[in-house]
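For reference, the structure is listed below as structure tokens.
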Amino acid sequence: MVNAAIDLEADLFLFLGDLANPDQRRAWRASAFSIEADRELTQAKVQTLWIAGNHDVIEDGSGTTTLSPLASAGGNVANLPRLFDVRDWKHQERVDHLASVVALPYTARDQSYDPAMVLRQVLDRLDSVRLAKPIIVAGHLMIDGAELGSESTDMARGRDMTFPSLALRELSFPYTLAMNGHYHRRQVITDAHGVRIYIPGSLARLTRGEAANAPGYLVVEV
Ligand SMILES: [Mn+2]
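In this note's numbering, the protein residues as written are 1 to 222.
Structure below.
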């Protein structure tokens with residue numbers, strides 16, 4: 001995935017969450033890998049944004065996730081909701097705004113937020129520069145109508161936080177693309193509120209029940 005983003009000269013590498021369970025020893029390796037991958041990508045002028053998933057959070061009141069080491073190392077991490085500006089890195093003399101990403105991570109309970117309220121707050125910050133370019137809403141939340149798999153059964157972790165599709169519609173939020181992690185099976189769904197959501201699926205088959213899944217990443221042109 002890292003090599004592909006570099007080969008494609010992508011403007012943005014978007015990680016949609018669930019790097020590693022923090023209570024497993026291999027989480028150290030996973031966090032180290034995220035820093036290595038981030039450095040490799042940014043050196044190749046691919047911007048990065050890493051969004052925390054339900055498997056990444058630590059429920060100890062500190063707000064720490066398995067992506068926190070990357071954040072401390074200077075990476076762009078969304079452990080909390082944020083509006084991220086994608087800049088033109090490919091042309092050195094320009095700093096043009098290319099796109100905006102509204103990142104809606106899964107959070108620990110004490111960091112809970114209302115995704116619909118975040119969308120309302122972001123609306124106020126969408127100036128003419130941002131409105132003229134693509135706006136991507138990317139989350140690690142739960143979706144009504146998604147095809148479930150082991151992420152919801154034997155690998156379930158955390159509570160339900162729902163993708164704000166209703167708010168997207170009610171606010172007439174000017175998004176170009178809605179994306180979400182979490183679900184292991186690649187799918188494009190139109191959810192209960194008529195919002196089309198792209199779900200890349202996981203990068204590997206994680207249980208025998210996923211034998212029919214075709215793991216991969218998603219390349220998007222907006
Ligand atoms: Mn998840």
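Think of the CB as a built atom: it goes at the ideal place given N, C-alpha and C, for glycine as much as any other residue.
Whole angstroms is fine: what's the gap from residue i's alpha carbon to residue j's?
i	j	result
residue 215	residue 185	8 Å
residue 23	residue 177	33 Å
residue 47	residue 74	12 Å
residue 26	residue 203	17 Å
residue 131	residue 66	33 Å
residue 172	residue 166	10 Å
residue 195	residue 189	8 Å
residue 78	residue 49	7 Å
What is the DSSP secondary structure of residue i, counted as helix, strand or coil?
i	result
residue 139	strand
residue 8	coil
residue 37	helix
residue 110	helix
residue 172	coil
residue 212	coil
residue 180	strand
residue 2	helix
residue 16	coil
residue 205	coil
residue 65	strand
residue 42	helix
residue 78	strand
Starting from residue i and walking both ways along the beta strand (DSSP E), at which residues does that stretch end?
i	result
residue 190	187-190
residue 86	82-87
residue 129	Unbroken run through residue 129 is the alpha helix (DSSP H), 128-131; no beta strand (DSSP E).
residue 49	47-51
residue 199	196-199
From which residue to which residue does the alpha helix (DSSP H) around residue i run?
i	result
residue 117	115-125
residue 98	It is not in any alpha helix (DSSP H) - residue 98 instead sits in the beta strand (DSSP E) that spans 97-104.
residue 218	That residue, residue 218, is in no alpha helix (DSSP H); it is neither H nor E in DSSP.
residue 71	68-72
Label residue i either buried or exposed according to how many other C-beta atoms from any shown protein chain fall within 10 Å of its C-beta, with 16 as the threshold for buried.
i	result
residue 62	exposed
residue 140	buried
residue 210	buried
residue 150	buried
residue 117	exposed
residue 174	exposed
residue 168	buried
residue 112	exposed
| said: Give me the pocket residues for ligand 1, defined as CB within less than 5 Å of any heavy atom, sorted by chain position. | reply: 18, 53, 54 and 182
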